[in-house]
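Counting from 1, position 70 in the sequence shown corresponds to residue 117 in this note's numbering; the numbering is continuous, with no gaps.
Notes to accompany the following structure.
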Amino acid sequence: MSRGPWHVAVLMGGWSAEREVSLMSGKGVADALESRGHRVTRIDMGRDVAQRLAEARPDVVFNALHGVPGEDGTVQGMLDLMGLKYTHSGLVTSVIAIDKELTKQALVPHGIPMPTGTMVDSESLFSADPLPRPYVLKPVNEGSSVGVAIVKDDSNYGNPIAREAVGPWQEFDRLLAEPFIKGRELTVAVLGDEALGVTELRVKSGFYDYDAKYTDGLTEHVCPADVPADVAQRMKHLAVEAHRLLGCKGASRSDFRWDDEHGLAGIFLLEVNTQPGMTPLSLVPEQARAIGMDYAELVERIVGEALA
Numbered sequence: 048m049s050r051g052p053w054h055v056a057v058l059m060g061g062w063s064a065e066r067e068v069s070l071m072s073g074k075g076v077a078d079a080l081e082s083r084g085h086r087v088t089r090i091d092m093g094r095d096v097a098q099r100l101a102e103a104r105p106d107v108v109f110n111a112l113h114g115v116p117g118e119d120g121t122v123q124g125m126l127d128l129m130g131l132k133y134t135h136s137g138l139v140t141s142v143i144a145i146d147k148e149l150t151k152q153a154l155v156p157h158g159i160p161m162p163t164g165t166m167v168d169s170e171s172l173f174s175a176d177p178l179p180r181p182y183v184l185k186p187v188n189e190g191s192s193v194g195v196a197i198v199k200d201d202s203n204y205g206n207p208i209a210r211e212a213v214g215p216w217q218e219f220d221r222l223l224a225e226p227f228i229k230g231r232e233l234t235v236a237v238l239g240d241e242a243l244g245v246t247e248l249r250v251k252s253g254f255y256d257y258d259a260k261y262t263d264g265l266t267e268h269v270c271p272a273d274v275p276a277d278v279a280q281r282m283k284h285l286a287v288e289a290h291r292l293l294g295c296k297g298a299s300r301s302d303f304r305w306d307d308e309h310g311l312a313g314i315f316l317l318e319v320n321t322q323p324g325m326t327p328l329s330l331v332p333e334q335a336r337a338i339g340m341d342y343a344e345l346v347e348r349i350v351g352e353a354l355a
């Protein structure tokens, strides 16, 4: 299809823990498309989403949802059944990438370095730690660092973890415990089959959790990251490989932890985000700007790939 004008339905909102982030992403995308002369139908997704899409009859759907059901294959399957083209990754890729354990199973056999981990449930945390402290606890299928915690020797969660401290995790069916990797937080955006850049995330206090990601001023983004050239190149390579191995489409973002005392051997991929944020604070637009691609151009590139 030509470069437009297109009729784009922008799916946003929904009912996941990342609803507010999705609304910000969707607004940014819709505003950018309208600024380029495209027709936009904005849909804050509810249970009537299929009916609203059928009535809108868009050329393509921009999936600006985060978390379940927009990132786990549910919406992708619906759009496939409706015969609608849509941005970002498809059903199978989404099912795998939203699940941190399935992602490991898909990538580690191909040489992608990821932290070893163990599956736990909240009840088991009362009796014993699943790993030596410090370790990281995270829900298996949430994004934006929702529910992530670092359990340290001096943790206020108790030792073993006290029952009253487990509340934040009881809503999640499965948890993943991973060794805490000291070092630096970095991320790489991939668009198509190209890594855009490497950004370091310097958190002013604590770690890169939900608040640090989406509250202006809590995290400094250093783009491009001040890391050795071979480290940056290795991360870009791993991000592109992960994007390819998982079958990602459009934009993805790979998050890394780097223990700089161990050089290239200290690089670990933490997760691959198939629905990366598109808010003003988001990392994919930031890396695009760093290579001379403005926000509206980035959005059109993503839509154009979906229409190709």
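Built from N, CA and C at the ideal position, the CB exists for glycine as well.
Checklist entry - How far does the beta strand (DSSP E) with His268 in it reach, from first residue to last? => result Thr266 to Val269
Item to check | Cβ separation of Ile197 and Phe227, assumed to be a contact under 8 Å, to the nearest whole Å | outcome: 6 Å
Checklist entry - Looking only at its own chain, which residues have a Cβ that is under 7 Å from the Cβ of Val346, when we skip the five neighbours before and after it? => result Val76, Ala79 and Leu80
Item to check | Stretch-stretch touch, CB-based, cutoff 8 Å, three pairs: the stretch 280-290 with the stretch 127-134 | outcome: no
Checklist entry - Is Ala242 helix, strand or coil when you go by DSSP? => result strand
Item to check | Leu233 and Ala272 closer than 8 Å at C-beta | outcome: yes
Item to check | For Gly61 and Leu112, believed in contact at Cβ under 8 Å, the rounded distance | outcome: 5 Å
Next on the checklist: As a quick exercise: from Ala298, Pro179 and Leu184, pick the residue whose alpha carbon is nearest that of Ala236.
Outcome noted: Ala298
Checklist entry - What distance in whole Å lies between the Cβ atoms of Thr326 and Met71, which are believed to be in contact at a cut-off of 8 Å? => result 4 Å
Item to check | Buried or exposed by the 16-neighbour rule on C-beta atoms within 10 Å, applied to Ala355 | outcome: exposed
Next on the checklist: So the candidates are Val331, Val68, Val96 and Gly310; which of them puts its Cα closest to the Cα of Leu238?
Outcome noted: Val331
Checklist entry - Under 8 Å between the Cβ atoms of Ile159 and Glu288? => result yes
Checklist entry - Does DSSP put Val195 in a helix, in a strand, or in coil? => result coil
Next on the checklist: Taking the straight line between their C-alpha atoms, what separation do you get for Arg66 and Gly324?
Outcome noted: 11 Å
Item to check | Beta-carbon contacts of Ala335 that lie in its chain and below 7 Å, excluding the five residues immediately before and after | outcome: Leu243 and Leu345
Checklist entry - If we count the other Cβ atoms within 10 Å of its Cβ and call it buried at 16 or more, is Arg231 buried or exposed? => result buried
Checklist entry - Would Ile90 pass as a contact of Glu118 if the rule is Cβ separation under 8 Å? => result no
Item to check | Nearest neighbour of Arg86, chosen from Leu222, Val57, Met340 and Met92 [CA to CA] | outcome: Val57
Item to check | Runs of beta strand (DSSP E) lying entirely within the stretch 71-112, each at least 3 residues, in chain order | outcome: 86-91 and 107-110
Checklist entry - Since Pro181 and Lys199 are thought to touch, with beta carbons under 8 Å apart, how far apart are those beta carbons, to the nearest angstrom? => result 5 Å
Next on the checklist: Relative to the C-alpha of Thr140, which candidate in Val319, Met340, Gly351 and Val350 has its C-alpha closest?
Outcome noted: Val319
Next on the checklist: Measuring alpha carbon to alpha carbon, tell me which residue in Leu184, Gly313 and Leu248 is nearest Arg221.
Outcome noted: Leu184
Checklist entry - Roughly how many whole angstroms lie between the Cα atoms of Ala259 and Leu248? => result Below a pLDDT of 50, predicted positions are generally treated as unreliable, and Ala259, at 48, falls in that range; no measurement from the model is reported.
Item to check | Local conformation of Val115 per DSSP, three classes | outcome: coil
Checklist entry - By a C-beta neighbour count over all protein chains shown, 10 Å radius and 16 as the cutoff for buried, is Phe315 buried or exposed? => result buried
Item to check | Residue range of the unbroken alpha helix (DSSP H) whose run includes Lys229 | outcome: Here Lys229 belongs to no alpha helix (DSSP H), and DSSP marks it neither H nor E.
Item to check | For Leu285: DSSP bridge partner residues | outcome: According to DSSP, which records beta bridges pairwise, Leu285 is partnered with nothing at all.
Next on the checklist: Excluding the 5 residues flanking Ala153 on each side, which residues of the same chain have their C-beta closer than 7 Å to its C-beta?
Outcome noted: Ile143, Leu292 and Leu293
Item to check | C-alpha gap between Met92 and Gly137, whole angstroms | outcome: 18 Å
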